[in-house]
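If you number the sequence shown the way this note's numbering does, the last residue is 1654 and the count never jumps.
Heads up, the beta-carbon is just placed ideally off N, CA and C, and yes, glycines get one too.
Report on the structure given below.
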Amino acid sequence: MRRKIPLRFISRIFWTIFFLLLSAAALIITDLLPVSMDVSSDQSDTIKWVDFDVTYEALKKAMTLDIESYSSDTHISWIDTLAYLGSRYGGNFSLYQEKHADDFAARCRDGETISEITKDMKLFSYYQEAYGAVLGGFLGEFTENGKKQYGLKAFSPVASGYYYTHYDDFGAGRSYGYQRHHFGHDLMLSTGTPIIAVESGIVEATGWNQYGGWRIGIRSYDGLRYYYYAHLRKDHPYNDRIYEGMTVTAGDVIGYSGQTGYSRKENVNNIDTPHLHYGMQLIFDETEKDSPNQIWIDMYAITKLLSQHQSEVYQPDGSKEYYRSGFFSERSYYQDELLKEETERLQKYYELHDRIILSDPPVSNDLELSNASASDDDLTSEGVQLPILMYHALVSESKYQNTYFIDPDIFASDLQYLKENGYTTVTVSDLIAYVNNEAPLPEKPVMLTFDDGYYNNYLYAYPLLKENGMKAVFSPVGKFTDDYSMIHNTHEYYAYLTWDHLREMELSGAVEIQNHSYNLHSNDSIKPIMKRSSETDEEHVKRLQNDLSHFQSRAEDFLLKTPSAFVYPYGAYNQEIETLVRELGFQATFSCREGMNYITHNPECLFQLKRYLRSPQRSISEML
């Protein structure tokens, strides 16, 4: 007996088949379109997906046109070129021909506007926004190893000198956990390979992810790109600087490759082959960042392009970490805001310096400067004459230059003058050796000192010292050094030296590091080193002891030596503080009082050493 099929069941089958056919038709139509998108300005209608099918050849051509035209009357943006090509090909770059890019460039040079060229391309604005989001952080102005230039400022994710292989595996199937697509790019390489930040940005995520293992997530400054680096090394996945919320600069070492992941348990190698999985997520709508609707980009062609710009790295002796070798800085909105803040801070900072250093005499009601000086004792006549020049910062841009921030060319000319006139640079160690009858001083000694610990000292002064075979004394503020060792910002104007910089320079023999306090160099007043009205004598002594000793401890940790001299912040001190400094074991102190020093075999001559402020308003010959 045959069973009668209910009508409602037949109806359900009909509608199921109908919707399946409708869905299939929609998929076919979608495949025929260049992208699946909605490009209205409303937040709810932002771009939903980007099929970044741009080939390496098209990227390279568009980049070349951009760079070569940057200084010309008609700058041809590579984003505009690629958006034009994307509109012409419907996003299918298998149709790419170099002549089409050349034709677009020629029309631009002939005076046609972008609007005129693309007036019939309905999707041009979409591709301009989409490709601009993908590539917005890759080209621009930057300074690398002291040379200002325009070009590719993003870096390969693999450090220079390390071998890797890769192929286009975007969209491949993955089965761990659940069936899904591979929305990243795998680079096959050896475990422990230094991994590099492709673009500057802010660290948003660290820690364990069962799919990615140890991973790092970095967001670009403009917020549009989220870089995901995964399967990092077991036990030691990250560079020791990395923490959530810090800023990283393009080219920095952020971690080390491995094969962790595919496990809920932390620190497990469940990936068959060591490799770096990295990807780029576009974020047009912040609510979609961690949703199922994430937009991921095929990085294969981009990776080939980035191989032209790899970060040089080095490993300090005895260290397990790698660090970038060269200098790199760029301009961004984030850095512009930081620059504004630092400019205001530094202005206040040196207003206080003016009150102390440039006053005559350098005394305030709050300050009881000792009149005792080694140059005033009865040993003056038999001492070795020693001029000391006091520098602060070297900056190349004239708009940042002032009494304390001088042109690097001035310092270069100073060194040339010293060489031509027979001067030999000395350090505090040289003075101590002479005082103790352990070594003679040269016939015409001179000391060069740099206060506060600006990064530009490393960028400009350090290479010049090495080039000329000379030495200098750098006295950083410990708190500034600690802070910038974490954020690792390298802006020429306001950034400070890191412990890595200090260690490198100290080991070179060209620079000697001394103590400028750990955190007694604030902008509030000249009083940080002086007794506060709310302090007892005992509290004041304890505060200074803790501060100076903390710097000494940090120097011992990172430099494997403790400074022998203390450089008074703002040149402020009194006899009580001088006594305390001596009790802490310092063998020399530097003031900001101007005058000539006379070095004898009496240890007293090394205290309250005088220095000439090297400002651009005077010549070096006046101070010698």
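>> What does DSSP give as the partner residue(s) for Asn1604 in the beta ladder?
In response: As a first step, residue 1604 must be located in the sequence shown, where it is residue number 574. BP columns for Asn1604 are empty, so no partner.
> Leaving out the 5 sequence neighbours to the left and right, which residues in its chain are closer than 6 Å to Asn1545 when beta-carbon positions are compared?
Replying inline: Indexing the sequence shown from 1 puts residue 1545 at position 515. Contacts found: Phe1581, Pro1593 and Phe1596.
>> Beta-carbon within less than 8 Å of Phe1044's beta-carbon, same chain only, minus the 5 sequence neighbours each way: which residues are those?
In response: Numbered from its first residue, the sequence shown carries residue 1044 at position 14. Confidence in Phe1044 is poor, its pLDDT being 46 and thus under 50, which makes the residue's placement unreliable; the coordinate value appears in the next sentence. There are no such residues.
> Whole-angstrom Cβ separation of Thr1143 and Asn1519, contact assumed at under 8 Å?
Replying inline: Residue 1143 sits at position 113 when you count from the first residue of the sequence shown. Residue 1519 sits at position 489 when you count from the first residue of the sequence shown. Between Asn1519 and Thr1143 the Cβ distance is about 38 Å, and since that is not below 8 Å, they are no contact.
>> Assuming contact is defined by CB atoms lying nearer than 7 Å, are Leu1550 and Asp1577 in contact in what I supplied?
In response: On the sequence shown, position 520 is the one that residue 1550 refers to. On the sequence shown, position 547 is the one that residue 1577 refers to. For Leu1550 and Asp1577, yes; Cβs fall inside 7 Å.
> Under three-state DSSP, which class holds Lys1178?
Replying inline: Taking the sequence shown and counting its residues from 1, one reaches residue 1178 at position 148. Lys1178: strand per DSSP, three-state reduction.
>> Is the separation between the beta-carbon of Asp1328 and that of Phe1082 shorter than 7 Å?
In response: Taking the first residue of the sequence shown as 1, we reach residue 1328 at position 298. Taking the first residue of the sequence shown as 1, we reach residue 1082 at position 52. Against a cut-off of 7 Å, the Cβ pair of Phe1082 and Asp1328 comes out as a contact.
> Where do the N-terminal and C-terminal ends of the alpha helix (DSSP H) with Val1233 fall, by residue?
Replying inline: For the purposes of this step, residue 1233 is taken as the residue at position 203 of the sequence shown. Unbroken run through Val1233 is the beta strand (DSSP E), Gly1231 to Ala1235; no alpha helix (DSSP H).
> What residues are listed by DSSP as bridge partners for Pro1506?
Replying inline: For this step, residue 1506 is matched to residue 476 along the sequence shown. According to DSSP, Pro1506 bridges with Asp1482.
> Can you tell me whether DSSP reads Thr1077 as helix, strand or coil?
Replying inline: Taking the first residue of the sequence shown as 1, we reach residue 1077 at position 47. What sits at residue 1077 in the sequence shown is Ile, not Thr. Residue state, collapsed to three classes: coil.
>> Quick check on the DSSP output: the alpha helix (DSSP H) that includes Val1465 runs from which residue to which?
In response: Counting from 1 along the sequence shown, the entry for residue 1465 is found at position 435. Here the alpha helix (DSSP H) through Val1465 covers Val1458 to Val1465.
> Comparing alpha-carbon positions, which option in Ala1113, Gln1127 and Glu1128 lies nearest Gly1121?
Replying inline: Taking the sequence shown and counting its residues from 1, the one referred to as residue 1121 is at position 91. The shortest Cα separation from Gly1121 among Ala1113, Gln1127 and Glu1128 belongs to Ala1113.
> His1339 by DSSP, collapsed to three states: which one?
Replying inline: Walking along the sequence shown from the start, residue 1339 turns up at place 309. Reduced to three states, the DSSP call for His1339 is coil.
>> Give me the DSSP bridge partner(s) of Pro1545.
In response: Numbered from 1 along the sequence shown, position 515 holds the residue referred to as residue 1545. The question names Pro, but residue 1545 in the sequence shown is Asn. In the DSSP output, where bridge partners are listed per residue, Asn1545 has Phe1596.
> Tyr1524 and Glu1624 look like a contact to me (Cβ under 8 Å); what is the Cβ gap, rounded to whole Å?
Replying inline: Numbered from its first residue, the sequence shown carries residue 1524 at position 494. Numbered from its first residue, the sequence shown carries residue 1624 at position 594. Contact flag wrong, Cβ pair sits at about 27 Å.
>> Taking the alpha carbon of Tyr1308 as the reference point, which residue from Tyr1548, Trp1108, Glu1229 and Tyr1273 has its own alpha carbon closest?
In response: Here residue 1308 corresponds to residue number 278 of the sequence shown, with the count starting at 1. Considering only alpha carbons, the answer is Glu1229.
> Taking the alpha-carbon positions, what's the Leu1217 to His1305 distance?
Replying inline: Looking up residue 1217 in the sequence shown gives position 187. Looking up residue 1305 in the sequence shown gives position 275. Roughly 5 Å separates the two Cα atoms.
> Smallest Cα separation from Thr1303: which of Glu1296, Arg1361 and Gly1222?
Replying inline: Taking the first residue of the sequence shown as 1, we reach residue 1303 at position 273. Closest option to Thr1303, Cα to Cα, is Gly1222.
> Between Tyr1485 and Leu1419, what straight-line distance do the alpha-carbon atoms span, to the nearest angstrom?
Replying inline: Locating residue 1485 in the sequence shown gives position 455, counting from the first residue. Locating residue 1419 in the sequence shown gives position 389, counting from the first residue. Approximately 19 Å between the Cα atoms of the pair.
>> What does the Cβ neighbour count give for Thr1511, buried or exposed, with the cut at 16 atoms within 10 Å?
In response: Start at 1 with the first residue of the sequence shown, and residue 1511 comes out as number 481. Counting Cβ neighbours within 10 Å, Thr1511 comes out buried, since at least 16 surround it.
> Can you tell me whether DSSP reads Thr1303 as helix, strand or coil?
Replying inline: Taking the first residue of the sequence shown as 1, we reach residue 1303 at position 273. The answer is coil: DSSP assigns Thr1303 none of H, G, I, E or B.
> Got a sec, what are the start and stop residues for the alpha helix (DSSP H) Gln1575 sits in?
Replying inline: Numbered from 1 along the sequence shown, position 545 holds the residue referred to as residue 1575. Its alpha helix (DSSP H) spans residues Asp1567 to Leu1589.
> Nearest to Cys1635 by CA position, among Lys1429, Gln1647, Lys1474 and Leu1416, is which residue?
Replying inline: Counting from 1 along the sequence shown, the entry for residue 1635 is found at position 605. Out of Lys1429, Gln1647, Lys1474 and Leu1416, Leu1416 has the C-alpha closest to the C-alpha of Cys1635.
> Ala1540 by DSSP, collapsed to three states: which one?
Replying inline: The count along the sequence shown starts at 1 and reaches residue 1540 at position 510. Three-state result, Ala1540: coil.
> So, helix, strand or coil for Phe1154, using DSSP?
Replying inline: Sequence index remark: in the sequence shown, residue 1154 carries index 124 (1-based). Looking at Phe1154 - three-state DSSP - the assignment turns out to be helix.
> When the Cα atoms are used, what is the spatial distance from Asp1270 to Ser1515?
Replying inline: Taking the first residue of the sequence shown as position 1, residue 1270 is located at position 240. Taking the first residue of the sequence shown as position 1, residue 1515 is located at position 485. Their Cα atoms are separated by approximately 10 Å.
> Based on the DSSP secondary-structure assignment, which residues constitute the bridge partners of Glu1171?
Replying inline: Translated into positions along the sequence shown, residue 1171 becomes position 141. Partner(s): Tyr1180.
>> Alpha carbons only, please: which of Lys1496, His1521, Val1571 and Leu1589 is nearest the one belonging to Val1611?
In response: The residue labelled residue 1611 in the question sits at position 581 within the sequence shown. Selected option, being the one with the closest Cα: Val1571.
> Alpha carbon to alpha carbon, what distance is there between Glu1522 and Glu1652?
Replying inline: Indexing the sequence shown from 1 puts residue 1652 at position 622. Indexing the sequence shown from 1 puts residue 1522 at position 492. Those two C-alpha atoms are separated by around 29 Å.
>> Taking a contact to mean a Cβ-Cβ separation below 7 Å, would you say Lys1501 touches Thr1455 in this structure?
In response: Here residue 1501 refers to the residue found at position 471 of the sequence shown. Here residue 1455 refers to the residue found at position 425 of the sequence shown. Yes, these two residues count as a Cβ contact at 7 Å.
> Which residues mark the beginning and the end of the beta strand (DSSP E) in which Met1218 is found?
Replying inline: Position 188 of the sequence shown, counted from the first residue, corresponds to residue 1218. Counting along the chain, the beta strand (DSSP E) containing Met1218 begins and ends at His1215 to Met1218.
>> Quick check: Ile1232 and Ile1284, are their CB atoms within less than 7 Å of each other?
In response: Position 202 of the sequence shown, counting from 1, holds the residue named residue 1232. Position 254 of the sequence shown, counting from 1, holds the residue named residue 1284. Taking 7 Å as the Cβ cut-off, Ile1232 and Ile1284 do not qualify as a contacting pair.
> On the premise that Leu1169 lies in contact with Lys1178, defined as a C-beta separation below 8 Å, what is that separation, rounded to the nearest angstrom?
Replying inline: In the sequence shown, the residue the question calls residue 1178 occupies position 148. In the sequence shown, the residue the question calls residue 1169 occupies position 139. At roughly 15 Å, the Cβ-Cβ gap does not stay under 8 Å, so Lys1178 and Leu1169 are not in contact.
> According to DSSP, what are the bridge partners of Ala1260?
Replying inline: Here the question's residue 1260 lines up with position 230 in the sequence shown. Partner(s): His1307.
> Which two residues bound the contiguous alpha helix (DSSP H) that contains Ile1225?
Replying inline: Walking along the sequence shown from the start, residue 1225 turns up at place 195. Premise fails: Ile1225 lies in the beta strand (DSSP E), Pro1224 to Ile1226, not in any alpha helix (DSSP H).
> If we call anything under 7 Å between Cβ atoms a contact, is Asn1498 one with Leu1445?
Replying inline: The residue given as residue 1498 occupies position 468 in the sequence shown. The residue given as residue 1445 occupies position 415 in the sequence shown. A contact, by the Cβ cut-off of 7 Å.
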